[in-house]
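Undergrad: Quick note: the sequence shown, position 122, residue 122 per full-length UniProt numbering, numbers continuous. We put the CB at the ideal spot given by N, CA and C, even for glycine. Since the model is a prediction, treat every value here as computed from it, not as a measurement.
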Amino acid sequence: MVATPKDLAQVAAQNWLRQGESMHRIFERRPGFLASTVAGSAKVPHVPVNPVPKCAQSVSEDYLKPSGLVARGGHVGDEWVHDRGIRGWATAADGHQLAVQVADVLAAGNGYAWLITTTQRIAVVIPARFVEQPAAPLVTWWERPPNAVRGIRDVLLGRAFFGAPFASIDFADGSTLLLRQ
Numbered sequence: 001m002v003a004t005p006k007d008l009a010q011v012a013a014q015n016w017l018r019q020g021e022s023m024h025r026i027f028e029r030r031p032g033f034l035a036s037t038v039a040g041s042a043k044v045p046h047v048p049v050n051p052v053p054k055c056a057q058s059v060s061e062d063y064l065k066p067s068g069l070v071a072r073g074g075h076v077g078d079e080w081v082h083d084r085g086i087r088g089w090a091t092a093a094d095g096h097q098l099a100v101q102v103a104d105v106l107a108a109g110n111g112y113a114w115l116i117t118t119t120q121r122i123a124v125v126i127p128a129r130f131v132e133q134p135a136a137p138l139v140t141w142w143e144r145p146p147n148a149v150r151g152i153r154d155v156l157l158g159r160a161f162f163g164a165p166f167a168s169i170d171f172a173d174g175s176t177l178l179l180r181q
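#1: What residue from Ala-103, Ala-160, Leu-115 has the CA that sits closest to Phe-33's CA?
#2: Would you report the Cα separation of Pro-145 and Leu-98, rounded to the nearest angstrom?
#3: Tell me where the alpha helix (DSSP H) around Asp-7 begins and ends.
#4: Spell out a yes or no on whether the region 5-18 and the region 60-69 are touching, meaning 3 or more CB-CB pairs, one atom from each, closer than 8 angstroms.
#5: What residue range does the beta strand (DSSP E) around Asp-170 cover?
#6: Checking 9 angstroms against the spacing of the C-beta atoms, do Arg-159 and Asp-83 come in under that value?
#7: By DSSP's criteria, Gly-151 is part of a beta bridge. Which residues make up the other side?
#8: When DSSP builds the beta bridges, which residues end up paired with Phe-27?
#9: Measure from the alpha carbon of Ala-148 to the alpha carbon of each residue in Gln-120, Ala-167, Arg-30, Val-105, then state which is nearest.
#10: I need the boundaries of the beta strand (DSSP E) containing Gly-88, first residue and last residue.
#11: To the nearest angstrom, how far is it from the Cα of Phe-161 to the Cα of Val-52?
#12: Rounding to the nearest angstrom, what Cα-Cα distance links Val-70 and Trp-80 in this structure?
#13: For Glu-143, which beta-bridge partners are listed by DSSP?
#14: Would you mind sorting Val-124 into buried or exposed? The rule is 16 or more other CB atoms within 10 Å of its CB.
#15: Note down, in chain order, each residue of its chain lying with its Cβ closer than 8 angstroms to the Cβ of Ser-175, except the 5 sequence neighbours on either side.
#16: What residue range is occupied by the uninterrupted beta strand (DSSP E) comprising Arg-180?
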């Protein structure tokens, strides 16, 4: 079973990584929904705008829903980071940009998909038990070469003194995905 980053790393090393490829970073699967701002329009939770695969498992019942305040757009700036029902936020000029593509497949994964980076690619994978016709222990739902990413930074966001830890994935096309860490 792939329940932790350590589990994912082991399964990937045995069955998914290519010759000469090694893991760079596994982004935590925090409970909560993704949100997005695409072409200036906010969606809480994020609704995929591109075709996505289907996850065989529903969203866990213990997932917190986004607060009404954030869903209505009543928050100011990055106040949304204090809503535990939000796990991340994609920002893009249009729905075809990379941050939205990643948000689409992560959202379609119902909390079971992982975003990972390796020495050869950035990818969203899902354990085989969550797809109807698994071809391998890990199924790749989306991937791009590493030059699709301009940079990955750890940032503190929010209005609290210590801030909330997020990873900011800045894509080469100018879009950004923030994921709770």
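TA: In this structure, then:
#1: Within the sequence shown, residue 33 is the residue found at index 33, counting from 1. Nearest neighbour of Phe-33 by Cα position, chosen from Ala-103, Ala-160, Leu-115, turns out to be Ala-103.
#2: One-based indexing of the sequence shown puts residue 145 at position 145. One-based indexing of the sequence shown puts residue 98 at position 98. If you draw a straight line from the Cα of Pro-145 to the Cα of Leu-98, it is about 12 angstroms long.
#3: Locating residue 7 in the sequence shown gives position 7, counting from the first residue. Looking at the DSSP string, the run of the alpha helix (DSSP H) that includes Asp-7 is 5-15.
#4: Three or more beta-carbon pairs separated by less than 8 angstroms are not found between the region 5-18 and the region 60-69, which leaves the two stretches without contact.
#5: Counted from its first residue, the sequence shown places residue 170 at position 170. It spans 164-171 - the beta strand (DSSP E) in which Asp-170 sits, taken as one unbroken run.
#6: In the sequence shown, counting from the first residue as 1, residue 159 sits at position 159. In the sequence shown, counting from the first residue as 1, residue 83 sits at position 83. No, the Cβ-Cβ distance between Arg-159 and Asp-83 is not below 9 angstroms.
#7: Start at 1 with the first residue of the sequence shown, and residue 151 comes out as number 151. DSSP output for Gly-151 lists Asp-170 as bridge partner(s).
#8: On the sequence shown, position 27 is the one that residue 27 refers to. Its beta-bridge partners are Leu-115.
#9: Counting from 1 along the sequence shown, the entry for residue 148 is found at position 148. Nearest in C-alpha terms to Ala-148, of all of Gln-120, Ala-167, Arg-30, Val-105, is Gln-120.
#10: Here residue 88 is taken as the residue at index 88 of the sequence shown, counted from 1. Run containing Gly-88: 86-92, per the beta strand (DSSP E) assignment.
#11: Within the sequence shown, the letter at position 161 stands for residue 161. Within the sequence shown, the letter at position 52 stands for residue 52. Inter-residue distance for Phe-161 and Val-52 is about 38 angstroms (C-alpha atoms, whole angstroms).
#12: The residue labelled residue 70 in the question sits at position 70 within the sequence shown. The residue labelled residue 80 in the question sits at position 80 within the sequence shown. When rounded, the distance between both Cα atoms is 6 angstroms.
#13: As a first step, residue 143 is located in the sequence shown; it is residue number 143 there, counting from the start. The secondary-structure analysis by DSSP pairs Glu-143 across a beta bridge with Ala-123.
#14: Position 124 of the sequence shown, counting from 1, holds the residue named residue 124. Answer is buried; the Cβ neighbour count reaches 16.
#15: Taking the first residue of the sequence shown as position 1, residue 175 is located at position 175. Excluding sequence neighbours, Ser-175 sits near Ala-90, Thr-91, Ala-92, Ala-93, Gln-97, Leu-98, Ala-99, Val-100.
#16: Position 180 of the sequence shown holds residue 180. Going by DSSP, Arg-180 is part of the beta strand (DSSP E) stretching over 176-180.
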